[in-house]
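A short worksheet on the structure shown next.
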Amino acid sequence: MYEIMTADEAIRLVRDGDCICVNSFVGIENPIELHEAIYRRYQKMQSPTHLTMISSAGFGVWDDEHNAEGYIREGAVDKLICGHFGAMLSTKKLVLEDRFEAYNLPLGCISHAIRAQAGGLPGALSKVGLDIFVDPRKEGPGINRISIDDSLVKHVEVDGEEFLYYKLPKINIALIKGTAADRKGNITFDDMFMSGDALSICQAVKANRGKVIVQVDRLVDTPSRPRNAIIPGCLVDAIVVVEPETRNEAYTALTGSFEIPYEEWNTWSERLDSVSVKQSKNNTVANIIGKRASKELRVDDIVNIGIGIPEMVSRFARKSGMLDMVTLTVESGGIGGFPVSGEAFGAMIGAASVYDMANQFDLYDNGGLDVCFMGALEVDKEGNVNAHRGPGAFAGIGGFANITSKTPTVVFCFSFTAKGLEVSQTKGIVTVEKEGTIPKFVDQVKSISFSARRAIANGQKVLYVTERCVFRLTPKGLKLIEVYPGIDVQKDILDLLPFEVEV
2 MYEIMTADEA IRLVRDGDCI CVNSFVGIEN PIELHEAIYR RYQKMQSPTH
52 LTMISSAGFG VWDDEHNAEG YIREGAVDKL ICGHFGAMLS TKKLVLEDRF
102 EAYNLPLGCI SHAIRAQAGG LPGALSKVGL DIFVDPRKEG PGINRISIDD
152 SLVKHVEVDG EEFLYYKLPK INIALIKGTA ADRKGNITFD DMFMSGDALS
202 ICQAVKANRG KVIVQVDRLV DTPSRPRNAI IPGCLVDAIV VVEPETRNEA
252 YTALTGSFEI PYEEWNTWSE RLDSVSVKQS KNNTVANIIG KRASKELRVD
302 DIVNIGIGIP EMVSRFARKS GMLDMVTLTV ESGGIGGFPV SGEAFGAMIG
352 AASVYDMANQ FDLYDNGGLD VCFMGALEVD KEGNVNAHRG PGAFAGIGGF
402 ANITSKTPTV VFCFSFTAKG LEVSQTKGIV TVEKEGTIPK FVDQVKSISF
452 SARRAIANGQ KVLYVTERCV FRLTPKGLKL IEVYPGIDVQ KDILDLLPFE
502 VEV
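The working numbering applies: residue 2 is where the sequence shown begins, and numbers increase by one.
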């Protein structure tokens, strides 16, 4: 039977050496007070320590002084396994200093491995990850020099087919953020942007004889409607009530508590951007790329649009009217609305449905999308893409590998060069005013996020859309298929490539 506790009381359930799984998504829906309580206890008692932390999508709040950053920084964690580290500002720097073991697995593969534990299975098979960095025949999932655990990902063969086998340590502590708990301890997520892996995490923890700790905004007397109770009370050990901070109305719009018609998506998106500390940027390069890439949309397409430059695709799809004729999705489980960017990435405006994250990756992994638009840090002569690790920095692969692994049409949206690139466009004529100092096209990418060889074998259509031209992937490598008006093919494209392309 669950107990109502303070955060400090609940965290006493956590022991040294425990494996904690956090249900959150990049920077949203973090059980912040539970993390703060762990930090307070660690500062006083140097316990809990030797922790392993697992999260499908990471657990930061874009602030290195809050959430888990403090106790990770001071040494409470030995091992970290995440799909994305972007919102964990100090943690992702410490990873590169070899302060603790850190592993980066595709977001959906972690989600499915958690669900496998919930069902009494040690791990999950997946085609996702073959021939990219996480494949143990390539680099493996370890991010730094001390991350040498080879049990997390294995290359296996079943019935003549090759797979990667993802296996997580046994989870025995769940840290969950919910909306409300009724008198039976049932947990609802009504005022939240998503429920993520919450149910699977709790089931896995109970299967491993562990403890489930849930932070909620309030207690309610009225029993939850059965379909609204994401976590049944019988799976909950401790409930911590923390009155939420007042939320700007723009963020309230993301909970689905009131209807937002398609005609109002743009208005709410602008309101969100105005109050976000991570406002989206508008520039000529991104606009050129987004406008061209949006032409790959077709009526009734099911779509995923990545963060950064790819977000411009939705802007131009809205202008053309195409946005109302496709279905957008986001990794956290939302379908049929408008994904937001910035610090609330993972939430949707006007979503038609928000279901468990593992179900969303079932859709992605099995080719359920029609087209996706992704960013890129580097592209090499074979067409391989590095999208997760730059020089001296990384954010993680996130859902990128799952989304691109089987989607029939994959469109990479990125500038030809970076750092200092200046481009103008007048009456459709594109002029490169100043070239960037960092080339995006390289002889060989530093790390593979997307395998061109695998894409060719899968029969996928792959485009590389820049602000000056478009390439298409062929069995021989890249083929230049479009050059924009005003661009000199030789000077602005071919002379800058470190390899030959078909023209």
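Where is the CB? At the ideal position from N, CA and C, for every residue including glycine. The structure displayed is predicted, hence computed values, not measured ones.
Whole-number beta carbon distance between residue j and residue i, since they are thought to touch under 8 Å
i: Ile21; j: Ser452; result: Contact flag wrong, Cβ pair sits at about 32 Å.
i: Ala77; j: Tyr104; result: With a Cβ gap of about 17 Å, Ala77 and Tyr104 do not count as contacting.
i: Val135; j: Pro107; result: 7 Å
i: Asp71; j: Gly28; result: One point to set straight first is that residue 71 is Gly, not Asp, in the sequence displayed. At roughly 17 Å, the Cβ-Cβ gap does not stay under 8 Å, so Gly71 and Gly28 are not in contact.
i: Ala294; j: Val412; result: 5 Å
i: Leu126; j: Tyr166; result: 6 Å
i: Gly487; j: Met358; result: Incorrect: roughly 44 Å between the Cβ atoms, too far for contact.
i: Thr408; j: Val433; result: Thr408 to Val433, Cβ: 31 Å. No contact.
i: Phe415; j: Lys441; result: 6 Å
When the options are compared against residue i, the one with the closest alpha-carbon
i: Asp381; options: Phe472, Arg13, Leu153, Pro409; result: Phe472
i: Arg13; options: Met349, Arg299, Met46; result: Met46
i: Gln426; options: Ile306, Lys292, Glu379; result: Lys292
i: Val355; options: Gly335, Gly460, Ile177; result: Gly335
i: Arg469; options: Thr475, Tyr485, Val463; result: Tyr485
i: Gly309; options: Gln461, Trp269, Gly376, Ile449; result: Gly376
i: Asp222; options: Val213, Ile439, Gly186; result: Gly186
i: Ser450; options: His389, Tyr40, Gln461; result: His389
Residue i vs residue j beta-carbon contact at 7 Å
i: Ser333; j: Gly351; result: no
i: Leu378; j: Gly397; result: no
i: Leu236; j: Ala182; result: no
i: Asn385; j: Lys447; result: no
i: Ile202; j: Asn24; result: yes
i: Leu306; j: Thr328; result: The amino acid at residue 306 is misidentified as Leu; the sequence shows Ile. No, the Cβ-Cβ distance between Ile306 and Thr328 is not below 7 Å.
i: Ile261; j: Val15; result: no
i: Gly18; j: His51; result: yes
i: Val159; j: Ser406; result: no
i: Lys420; j: Gly437; result: yes
i: Ile172; j: Gly179; result: no
i: Lys168; j: Pro137; result: no
i: Phe190; j: Trp266; result: no
i: Met323; j: Leu298; result: yes
i: Ala114; j: Gly84; result: no
i: Ser148; j: Glu98; result: no
i: Val1; j: Leu474; result: Outside the shown range of the chain, which is 2 to 504, sits residue 1, and nothing can be said about it.
Rounded separation between residue i and residue j - CA only
i: Pro499; j: Arg455; result: 23 Å
i: Ile457; j: Leu131; result: 13 Å
i: Asn31; j: Val217; result: 11 Å
i: Ser48; j: Ile290; result: 50 Å
i: Ile82; j: Thr53; result: 8 Å
i: Pro142; j: Leu90; result: 20 Å
i: Thr330; j: Gly369; result: 11 Å
i: Ala239; j: Tyr3; result: 5 Å
i: Val314; j: Phe374; result: 8 Å
i: Gln361; j: Asn403; result: 10 Å
i: Met6; j: Thr256; result: 26 Å
i: Val242; j: Ala205; result: 23 Å
i: Gly400; j: Glu501; result: 31 Å
i: Tyr263; j: Asn288; result: 22 Å
i: Val215; j: Ser112; result: 19 Å
i: Arg316; j: Asp9; result: 45 Å
i: Val424; j: Asp79; result: 46 Å
i: Ser225; j: Ser258; result: 16 Å
i: Lys296; j: Asp444; result: 29 Å
i: Gln118; j: Gly109; result: 14 Å
i: Asp64; j: Thr247; result: 18 Å
i: Ile482; j: Asp493; result: 15 Å
i: Pro245; j: His36; result: 15 Å
i: Glu383; j: Lys139; result: 16 Å
i: Phe156; j: Met195; result: Sequence check: residue 156 is His here, not Phe. Taking the straight line joining both Cα atoms gives about 32 Å.
i: Met193; j: Ala208; result: 26 Å
i: Glu312; j: Asp274; result: 13 Å
7 Å Cβ cutoff, residue i in contact with chain D
i: Ser315; result: Included in the structure is just one protein chain, with no chain D present.
DSSP state of residue i mapped onto helix, strand, coil
i: Phe190; result: coil
i: Lys382; result: coil
i: Asp9; result: helix
i: Asn387; result: strand
i: Asp301; result: coil
i: Glu515; result: With the chain covering only 2 through 504, there is no way to say anything about residue 515.
i: His113; result: helix
i: Arg184; result: coil
i: Lys435; result: strand
i: Gly71; result: helix
i: Thr253; result: helix
i: Lys45; result: helix
i: Ser196; result: coil
i: Lys155; result: strand
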